[in-house]
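> Listed in order, the protein sequences are those of chains A and F.
Okay, so the first sequence: first residue is 970 according to the numbering used here, each after it adds one.
Okay, so the second sequence: first residue is 970 according to the numbering used here, each after it adds one.
So that we are looking at the same thing, I have put the structure below in structure tokens.
2 protein chains.
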Amino acid sequence: VKLYSTPPPPPNPRRVRIFLAEKGVTIPIVNLEPVRGETKTPEFLARNSLGQLPVLELDDGTCISESLAICRYLERIYPDPPLFGSGPIEEAWVDMWTRRLEFQLWVHVGSYWRHLHPFGVREGVPRHADLGEMALRDYDKALEWLDGELAGRDYLAIDSFSVADICLLTTLDFADWAGLKVPERLINLSRWHERVSVRPSATA
Amino acid sequence: VKLYSTPPPPPNPRRVRIFLAEKGVTIPIVNLEPVRGETKTPEFLARNSLGQLPVLELDDGTCISESLAICRYLERIYPDPPLFGSGPIEEAWVDMWTRRLEFQLWVHVGSYWRHLHPFGVREGVPRHADLGEMALRDYDKALEWLDGELAGRDYLAIDSFSVADICLLTTLDFADWAGLKVPERLINLSRWHERVSVRPSATA
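Following this line, the structure appears as structure tokens:
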């Protein structure tokens, strides 16, 4: 088994690396450079027709892409500690929160990147500053909502650390790298960020 | 237990209704009208702080939102027939495909809706026709990619009908309602669409 990944800052490959660190599992990592076209070669497109990272390749050549799908596979193979929740309700809540993070938080980071960030320029893709500005406002609103949801809670989805916390951490850290900070007045969110950032897995 | 939903055309509540129909399970449905503000009342926001549908409410008041999280809960309670795959690899593939559909297909329908569709106008939200036009092109490209992926396959993610097929069906049907058709030349995709549309659950 091996993991095709890429070094920071992209958040999705980091999700899987943190997940593996939390499980205490080490697997060989092959780092590719998307900017050099290494994910658009015929060999790599046979592993993931979208040419995206990360991809987990099993020993028989079976490939799984999409960070959370890879994590779900790893959860079945290495069940301890459980990171997708235990029992039907916890599992649903972890799922609910990973989806909320994608659609309520990550989309705004993506839109800001695409419309305003200097590295977001792509040939033939129009940029509109008003949408980038709106994304900044929507990102702040989403952080505020998350701060409220985290009141009195140590972790986002359930009482223990889960893959939802991994998704939030990787999103906030990437956004921070891109220039979007968590306002200090959001105390619950800031404390949560400190709490998960001191876990050894956070360096992955 | 009860399901807060809304009548067609929104695709996400339909996902859960189709899922229930495939399981042969009937639960009480409470239909709400978002356009009348029925999902922004204090009572409903206590069930889902995002004020979105669908929401599954259990008998003890526990609430689960996000269509796929609800389906995952229902899968645990009603395991037959399995709709999230059987075994670690199938489960990962179903997950991979639901995510691919959200990020490679649905996003373009959403962007078209937001920037070009007459019903997509929202006060204070800028619209840019060039982004709507790009979304139309990207949607067609995504359909073409899906058509290739479906070559020689009856269902999208695994050899049997899964929740990934439900996500694709609800996306295509909503897009069709919004004016985005599947080109007839995409034979694999058109045949897949006929195949799943004749299932009794498709009327849900």
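By construction, the Cβ of each residue, glycine as well, lies at the ideal position given by its N, Cα and C atoms.
Report all residues from its chain with a CB closer than 7 angstroms to the CB of V1028(F); omit the five preceding and five following residues, and keep chain order.
The sequence position of residue 1028(F) within the second sequence is 59, counting from 1. Reading the sequence as shown, one finds Asp at residue 1028(F) and not Val. If we look at D1028(F) and ignore the five residues flanking it on each side, its Cβ neighbours are V970.
> Short of 6 angstroms in beta carbon distance, which residues of its chain neighbour D1123(F), apart from the five on each side in sequence? Order them along the chain.
Here the question's residue 1123(F) lines up with position 154 in the second sequence. Cβ-Cβ distances below 6 angstroms link D1123(F) to nothing in the same chain once the five nearest sequence neighbours on each side are left out.
> Indicate whether R1068(A) and A1038(F) have their beta-carbon atoms separated by less than 9 angstroms.
Residue mapping note: residue 1068(A) aligns to position 99 of the first sequence, counting from 1. Residue mapping note: residue 1038(F) aligns to position 69 of the second sequence, counting from 1. Yes. Within cutoff.
> If you reduce the DSSP assignment to three classes, tell me which class N1000(A) lands in.
Counted from its first residue, the first sequence places residue 1000(A) at position 31. Reduced to three states, the DSSP call for N1000(A) is strand.
> For E1060(F), return the contacting residues in chain A, with the cut-off set at a CB-CB distance below 8 angstroms.
Along the second sequence, one-based indexing puts residue 1060(F) at 91. Residues of chain A passing the Cβ test: R1041, Y1042 and R1045.
> When you compare each of A1104(A), L1019(A), D1145(A) and G1020(A) to F1072(A) by their alpha carbons, which one comes out closest?
Locating residue 1072(A) in the first sequence gives position 103, where the first residue counts as 1. Answer by Cα proximity: A1104(A).
> Contact defined as beta carbons within less than 8 angstroms: I believe S1036(F) pairs with P1048(F). What is the distance between those atoms, to the nearest angstrom?
Position 67 of the second sequence, counting from 1, holds the residue named residue 1036(F). Position 79 of the second sequence, counting from 1, holds the residue named residue 1048(F). Taking a contact as a CB-CB distance under 8 angstroms, the pair S1036(F) and P1048(F) does not count as one, their CB atoms being some 19 angstroms apart.
> Residues of chain F with CB under 9 angstroms from W1114(A), in chain order?
As a working mapping, residue 1114(A) is identified with position 145 in the first sequence. Correct list: S1018 and L1019.
> Give me the chain A residues within the contact set of H1097(F), using Cβ-Cβ distance strictly less than 8 angstroms, ordered along the chain.
Within the second sequence, residue 1097(F) is the residue found at index 128, counting from 1. Simply P1095, H1097 and L1100.
> Between A990(A) and S1166(A), is the Cβ-Cβ spacing less than 9 angstroms?
Position 21 of the first sequence, counting from 1, holds the residue named residue 990(A). Position 197 of the first sequence, counting from 1, holds the residue named residue 1166(A). Going by C-beta atoms, A990(A) is not nearer than 9 angstroms to S1166(A).
> Which residues, in order along the region 985-1018 of chain A, keep a beta-carbon less than 8 angstroms from a beta-carbon of chain F?
S1018
> What does the alpha-carbon distance come out to for the pair P979(F) and P997(A)?
The residue given as residue 979(F) occupies position 10 in the second sequence. The residue given as residue 997(A) occupies position 28 in the first sequence. Spanning the two alpha carbons is a distance of roughly 43 angstroms.
> Taking only beta-carbon positions, decide if L1027(A) is within less than 9 angstroms of chain F.
Working through the first sequence from its first residue, we reach residue 1027(A) at position 58. Cβ-Cβ to chain F under 9 angstroms: yes for L1027(A).
> Measure the alpha-carbon distance for C1032(F) versus P1011(A) and round it to whole angstroms.
Within the second sequence, numbered from 1, the residue matching residue 1032(F) stands at position 63. Within the first sequence, numbered from 1, the residue matching residue 1011(A) stands at position 42. Answer to the nearest angstrom: the Cα atoms are 45 angstroms apart.
> Just curious, the alpha helix (DSSP H) that Y1108(A) is in, first and last residue?
Numbered from its first residue, the first sequence carries residue 1108(A) at position 139. Segment A1098 to E1118, the alpha helix (DSSP H) holding Y1108(A).
> List the whole-angstrom C-beta distance separating A1111(A) from H1077(A), where the pair is believed to meet the contact cut-off of C-beta under 8 angstroms.
For the purposes of this step, residue 1111(A) is identified with residue 142 of the first sequence, where counting begins at 1. For the purposes of this step, residue 1077(A) is identified with residue 108 of the first sequence, where counting begins at 1. Indeed they touch by this definition, with Cβ atoms about 6 angstroms apart.
> One question on the structure: do V1063(A) and A1133(A) come within less than 9 angstroms of each other, judged by their Cβ atoms?
Position 94 of the first sequence, counting from 1, holds the residue named residue 1063(A). Position 164 of the first sequence, counting from 1, holds the residue named residue 1133(A). It is a contact, given that the beta carbons lie within the stated cut-off.
> Does the distance from the C-beta atom of R984(A) to that of T1139(A) stay below 9 angstroms?
Stepping through the first sequence from its first residue, residue 984(A) is reached at position 15. Stepping through the first sequence from its first residue, residue 1139(A) is reached at position 170. Yes; because the gap between Cβ atoms is below 9 angstroms, this pair is in contact.
> DSSP three-state label for K1150(F), please.
In the second sequence, counting from the first residue as 1, residue 1150(F) sits at position 181. Coil, per DSSP.
> Less than 7 angstroms between C-beta atoms, sequence neighbours within five positions excluded: which residues of the same chain meet that for E1060(F)?
Here residue 1060(F) is taken as the residue at index 91 of the second sequence, counted from 1. Excluding positions up to five away in sequence, the list reads F1053 and G1054.
> Can you name the residues of chain A whose CB is closer than 9 angstroms to the CB of S1080(F)?
As a working mapping, residue 1080(F) is identified with position 111 in the second sequence. Here the premise fails: no neighbours, minimum Cβ distance about 10 angstroms.
> Give me the subset of the region 1063-1077 of chain A whose CB atoms are less than 9 angstroms from a CB atom of chain F, sorted by chain position.
V1063, D1064, M1065, W1066, T1067, R1068, R1069, E1071, F1072, Q1073 and V1076
> So what's L1019(A) in DSSP terms, helix, strand or just coil?
If you number the first sequence from 1, residue 1019(A) lands on position 50. L1019(A) falls in the coil class under three-state DSSP.
> Going by C-alpha distance, which of S1018(F), L1100(F), N981(F) and S1129(F) is nearest R1164(F)?
Residue numbering aside, residue 1164(F) sits at position 195 when the second sequence is read from its first letter. Answer by Cα proximity: S1129(F).
> Quick check: what's the CA-CA separation for V1094(A) versus E1153(F)?
The residue given as residue 1094(A) occupies position 125 in the first sequence. The residue given as residue 1153(F) occupies position 184 in the second sequence. So the alpha carbons of these two residues sit roughly 28 angstroms apart.
> Give the residues of chain F in contact with E1092(A), contact being defined as C-beta atoms less than 7 angstroms apart.
In the first sequence, counting from the first residue as 1, residue 1092(A) sits at position 123. By Cβ distance, chain F contributes nothing, its closest Cβ being about 13 angstroms from E1092(A), past 7 angstroms.
> How big is the Cα-Cα spacing for M1065(A) and L1001(F)?
Start at 1 with the first residue of the first sequence, and residue 1065(A) comes out as number 96. Start at 1 with the first residue of the second sequence, and residue 1001(F) comes out as number 32. Going from the Cα of M1065(A) to the Cα of L1001(F) covers about 21 angstroms.
> Assuming R1045(F) and P1003(A) make a contact with CB atoms under 8 angstroms, what is their CB distance in whole Å?
Stepping through the second sequence from its first residue, residue 1045(F) is reached at position 76. Stepping through the first sequence from its first residue, residue 1003(A) is reached at position 34. Contact annotation, R1045(F) with P1003(A): C-beta distance approximately 37 angstroms; criterion of less than 8 angstroms not satisfied.
> In terms of residues, what are the limits of the beta strand (DSSP E) holding S1166(F)?
Here residue 1166(F) is taken as the residue at index 197 of the second sequence, counted from 1. Taken as a continuous stretch (DSSP letters only), S1166(F) belongs to no beta strand (DSSP E), being part of the alpha helix (DSSP H) at I1156 to S1166.
> In whole angstroms, what separates the C-alpha of S1131(A) from that of L1115(F)?
As a position in the first sequence, residue 1131(A) is number 162, starting the count at 1. As a position in the second sequence, residue 1115(F) is number 146, starting the count at 1. For S1131(A) and L1115(F), the gap between their C-alpha atoms comes out near 32 angstroms.
> Only counting runs of 3 or more residues, tell me where the beta strand (DSSP E) segments fall wholly within the region 1046-1090 of chain F, in order along the chain.
none
> Apart from the five residues on each side of it in sequence, which residues of its chain come closer than 8 angstroms, Cβ to Cβ, to D1145(A)?
Walking along the first sequence from the start, residue 1145(A) turns up at place 176. The answer, listed in chain order, is V1151.
> Smallest Cα separation from G993(F): which of G1121(F), C1136(F), Y1081(F) and P1051(F)?
Against the second sequence, residue 993(F) aligns to sequence position 24. With distances taken between Cα atoms, G993(F) lies closest to P1051(F).
> Identify the contact partners of S939(A) in chain F, using a Cβ-Cβ distance below 7 angstroms as the criterion.
Residue numbering for chain A in the displayed model covers 970 to 1173; residue 939(A) lies beyond these limits and cannot be assessed.
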